[in-house]
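Enquirer: Here you go, one structure.
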Amino acid sequence: MIPLRPIDFGTLFGATFQVLKRNPRPTFGAALLLNALVTILAFGLVFGLSIVSLDRLERASDSEADAIVAGTFGLIVLAGVVATAVALVAQALLQGLITIEVSRQILGEKNTLKQLFARGKGRWGALIGWTVLLSMALTVAIVILVGLVTLMIVVGGPAGIAVGVTIGVLGGLGLAVLGVWLWIKLALVPAAIMIERLTLGAAIGRAWRLIRGSFWRTLGILLLFTVIVQVAASVVSAPFSIAATFGGALFNPAGDELSAIVVLIGANLLSIAVAVIVGAIGAVLTTSAVALIYTDIRMRSEGLDIDLQQAVEQSAAGRTVDDPYIRGLGGETRPASAA
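Below, the structure is given as structure tokens:
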């Protein structure tokens, strides 16, 4: 997929698309399946609960209405928690699958989805735990910031409002900067878990050490990829979002209610389908970029390219090959390659 030497940006950019092209079933197929599962589950839970609630409200007395609304709200919150949990698991699985696939494509292999799951055996729990931990840390930080702002506004009077707004603005900016910094410093944790098969604690330390000296380059590459993916997603999704918003008026100028509902539902379903497809492609590209950055950093700092070349040569000769990603063939660390 790539020349077995330190990777320049052009090669890295092209290789992310090669991941999709060379083996689309376990990459794009898995991403599409997981994204669709999460979307259908979230939409189905909220939509289903809303329909049931409306039906119950129509048949309920005034004294029962408040209890039904409160119960429905609680169920929707619970459904949101369940959908979020499923989304986190799906995100972790996809991240692990793509990371392993990239590492094996670099060696010229082509794995099935079943083989990729087998290669990650024993590490899925750690990766899911890492994804949940990140999500919880972000949630706690946001809740603390919102809580401080709310407290100052509620109990501080006019001066408290000013202080609360100041805390909100400065705290939000600080949280954003801290989040980006940690995003880059810990970006290689999934690769360390899935490729080097480290424990969660060891993977965090390993990722932190690997990124030294490559922080700004990694930040630039990942920010550029994020912007490209988001812009492309917006361009592709925009026509369908517009159709979902104005479809009823455009295709049903007579104002027939049933036709308007059918057109609106159809346009929204099409918009959701496009969003799922675009999201799947974006997830594969972004995760592939991180896996390639991890490989490039190890090539530059540890001479991983030498180990990869030896592994390919031994495999071509029909000999048994140790995993070249686990600190070098035979367990030794190679000297660093020239950048």
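Residue numbers (the numbering used here): 153 to 491.
All residues carry an ideal CB built from backbone N, CA and C; glycine is no exception.
Small disclaimer: the values here were computed from a predicted structure and weren't measured.
Considering only the beta carbon of each residue, do L240 and V284 sit closer than 8 Å?
Expert: Against a cut-off of 8 Å, the Cβ pair of V284 and L240 comes out as a contact.
Enquirer: From this set, S386, V292 and P178, which residue's C-alpha is nearest E261's C-alpha?
Expert: P178
Enquirer: Please state the DSSP three-state secondary structure of T485.
Expert: Because the pLDDT of T485 is 44, which lies under 50, any placement of that residue in the model is unreliable, and the number read from its coordinates should be weighed accordingly. Looking at T485 - three-state DSSP - the assignment turns out to be coil, as it is neither helix nor strand.
Enquirer: Once DSSP output is grouped into helix, strand and coil, what is the label at R349?
Expert: coil
Enquirer: Can you give me the C-alpha to C-alpha distance between G431 and M153, rounded to a whole angstrom?
Expert: Rounded to the nearest angstrom, the two C-alpha atoms are 23 Å apart.
Enquirer: How far does the alpha helix (DSSP H) with A339 in it extend, from its first residue to its last?
Expert: Run containing A339: none; DSSP gives neither H nor E here.
Enquirer: If contacts are defined as beta-carbon pairs under 8 Å, then V198 and V238 qualify, I think. What distance do you get, rounded to the angstrom?
Expert: That pair is no contact at about 13 Å.
Enquirer: If I measure Cβ to Cβ from V428 and keep anything under 6 Å in the same chain, skipping five residues before and after, which residues do I get?
Expert: N187, A188 and T191
Enquirer: Check for me: the alpha helix (DSSP H) holding F165 runs from which residue to which?
Expert: Per DSSP, F165 belongs to the alpha helix (DSSP H) from F161 to R174.
Enquirer: What is the DSSP secondary structure of Y477, reduced to helix, strand or coil?
Expert: coil
Enquirer: Does the stretch 165–177 come close enough to the stretch 251–270 to have 3 or more Cβ pairs within less than 8 Å?
Expert: yes
Enquirer: Quick test of the definition: if touching needs 3 or more C-beta pairs under 8 Å, does the stretch 431–445 touch the stretch 318–337?
Expert: no
Enquirer: Would you check if there are 3 or more beta carbon pairs closer than 8 Å linking the stretch 460–479 to the stretch 361–373?
Expert: no
Enquirer: Indicate the three-state DSSP secondary structure (helix, strand or coil) for E454 in the structure shown.
Expert: helix
Enquirer: Where does the unbroken alpha helix (DSSP H) through K266 begin, and where does it stop?
Expert: L265 to R271
Enquirer: Measuring alpha carbon to alpha carbon, tell me which residue in I478, Q462 and Y477 is nearest R471.
Expert: Q462
Enquirer: The alpha helix (DSSP H) with A293 in it runs from where to where?
Expert: W276 to V307
Enquirer: Does the separation of the CB atoms of A355 and Y446 fall below 8 Å?
Expert: Cβ atoms of A355 and Y446: not closer than 8 Å.
Enquirer: Ordered along the chain, which non-local residues of its own chain (more than five positions away) have a Cβ less than 7 Å from that of F392?
Expert: L422, S423 and V426
Enquirer: What is the DSSP secondary structure of P178, reduced to helix, strand or coil?
Expert: Helix, per DSSP.
Enquirer: Looking at L245 and D457, is the spacing between their C-beta atoms short of 8 Å?
Expert: no
Enquirer: Output yes or no for whether 8 Å exceeds the beta carbon distance between P336 and F161.
Expert: Residue identity check: residue 336 is Ile in the sequence provided, not Pro. Against a cut-off of 8 Å, the Cβ pair of F161 and I336 comes out as no contact.
Enquirer: Thinking C-alpha only, which one of R208, F165, L164 and Q243 is nearest L185?
Expert: Comparing C-alpha distances from L185 to each of R208, F165, L164 and Q243 shows the shortest one belongs to Q243.
Enquirer: Tell me whether the beta-carbon of I258 lies closer than 8 Å to the beta-carbon of L460.
Expert: By the CB criterion at 8 Å, I258 and L460 fall inside the cutoff.
Enquirer: To the nearest whole angstrom, what separates the beta carbons of V341 and W282, a pair I think is in contact under 8 Å?
Expert: 6 Å
Enquirer: Indicate whether R358 and L352 have their beta-carbon atoms separated by less than 8 Å.
Expert: no
Enquirer: Helix, strand or coil: which one does DSSP assign to T378?
Expert: The answer is helix: DSSP assigns T378 an H, G or I state.
Enquirer: Let me know if L144 comes out buried or exposed under the rule of 16 or more other beta-carbons within 10 Å of its beta-carbon.
Expert: Residue 144 lies beyond the residue range present for the chain, which begins at 153 and ends at 491; the question has no answer from this structure.
Enquirer: Could you say which of L338, V381, M346 and Q382 lies nearest to L361 if we only look at CA atoms?
Expert: The residue you asked about is not Leu; residue 361 is Arg in the sequence shown. With distances taken between Cα atoms, R361 lies closest to L338.
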